[in-house]
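Participant:
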Amino acid sequence: MSLIISMAAFALVASITPGPVNIVALSSGARFGFRATLRHVAGATLGFVLLLVLMGLGLHEVLQRWPGLTRVVQLGGVGFLLFMAWKLAMDNGHLGDGDEGRAPSMFYGALMQWLNPKAWLACVAGMGAFVADGEARLVWQFAAIYLVICYLSVGCWAYAGSFLRAWLGNPATMRLFNRTMAGLLVLSAVYLLLP
C-alpha cells in the first residue's frame with residue numbers, strides 16, 4: 000500500500016506542477032471553455048501514459064544507447080513550444096470556438112507530451128524510483144495510477160482556465176492573457192536549452 004501511495008504522490012507532483020501542457024490547458028480553457036479543452040486533457044494524459052509504459056518496458060535503454068535521440072526530442076520540444084507560443088501571441092483574443100480557431104485536439108495533447116522534456120524526465124525518474132528491472136506488473140500499476148492522476152491534474156488547469164473566462168471576456172484582456180501564456184512557453188523553451 001505504501002508503494003501505491005508513493006506512486007500516487009509522485010504522479011500528482013509531476014502532473015499538477017506548471018509546465019507546457021498545463022499552460023496550454025489553462026489557455027485553452029480560458030479561450031474555448033472546459034468541455035472543449037477536455038480533448039487536449041485526454042490526449043495529454045494518454046500520450047504521457049503511453050510514454051511512461053514504453054519507458055518502463057525498455058525505451059530508456061534505447062535512449063542510453065543512442066543519446067542523440069534525447070537531444071532530437073529536446074530540440075523538437077523547444078521548436079514545438081515556440082510554435083505554440085507564436086500561435087498564442089498571434090491570437091485575436093475573441094472567445095469561442097467559431098471559425099477563429101479550435102481548441103487543441105487529442106492528438107495535439109499527446110504530441111505535446113512526447114515533445115515535452117518534463118514528461119520524459121518524469122517517466123525516467125518515476126520508472127527508476129518505482130519499477131525494479133522493468134517488472135511489467137509494476138509498470139502497468141504505475142501507469143494506471145498515473146492515468147487517473149494526470150487526467151485530473153491537467154483537467155484542473157483546464158477548469159481554472161474556464162473559470163478565468165468570465166474575467167477575460169473582452170478581446171483586449173484575452174490577448175494580454177494569451178501573450179502572457181506565450182511568454183511562459185518561451186521561457187519554458189529557453190529553460191530547456193540551458194545546459
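Numbering that gives the first Met the number 0 applies: residue 0 is where the sequence shown begins, and numbers increase by one.
Ideal Cβ positions, reconstructed from N, Cα and C, are used throughout, including at glycine.
1. Candidates Ala10, Val52, Ala109 and Gly160: which alpha carbon is nearest Leu137's?
2. Could you say if the stretch 174-192 and the stretch 35-51 meet the contact criterion of at least three C-beta pairs nearer than 8 Å?
3. Threshold first: 3 residues or longer. Then list the beta strand (DSSP E) segments lying entirely within the stretch 36-119, N to C.
4. If we call anything under 8 Å between Cβ atoms a contact, is Met111 one with Val23?
5. With distances taken from CA atoms, which of Met126, Leu191 and Met6 is nearest Ile148?
6. Which one of Pro19, Leu146, Ser104 and Ile3 has the shortest CA to CA distance from Leu114?
7. Just to confirm, are Ala121 and Ser27 a CB contact at a threshold of 8 Å?
8. Taking all protein chains shown into account, decide if Gly57 is buried (16 or more other Cβ within 10 angstroms of its Cβ) or exposed.
9. Identify which residue in Leu186, His59 and Thr69 has its Cα closest to the Cα of Pro116.
10. What number of angstroms, rounded off, separates the C-alpha of Ala159 from the C-alpha of Leu192?
11. If you check the beta carbons only, do Trp156 and Leu74 fall under 8 Å apart?
12. Can you grab the Cα-Cα spacing for the pair Leu183 / Tyr190, in whole Å?
13. Taking only three categories from DSSP, how would you classify Thr16?
Facilitator: On the basis of the supplied data:
1. Ranking Ala10, Val52, Ala109 and Gly160 by Cα distance to Leu137 puts Val52 first.
2. With the cut-off at 8 Å, the stretch 174-192 and the stretch 35-51 do not touch.
3. Secondary structure remark: continuous beta strand (DSSP E) runs of at least 3 residues inside the stretch 36-119: none found.
4. The answer is yes: Cβ separation under 8 Å.
5. Residue Met6 is the option with its Cα nearest to Ile148.
6. Pro19
7. no
8. exposed
9. Thr69
10. 29 Å
11. no
12. 10 Å
13. coil
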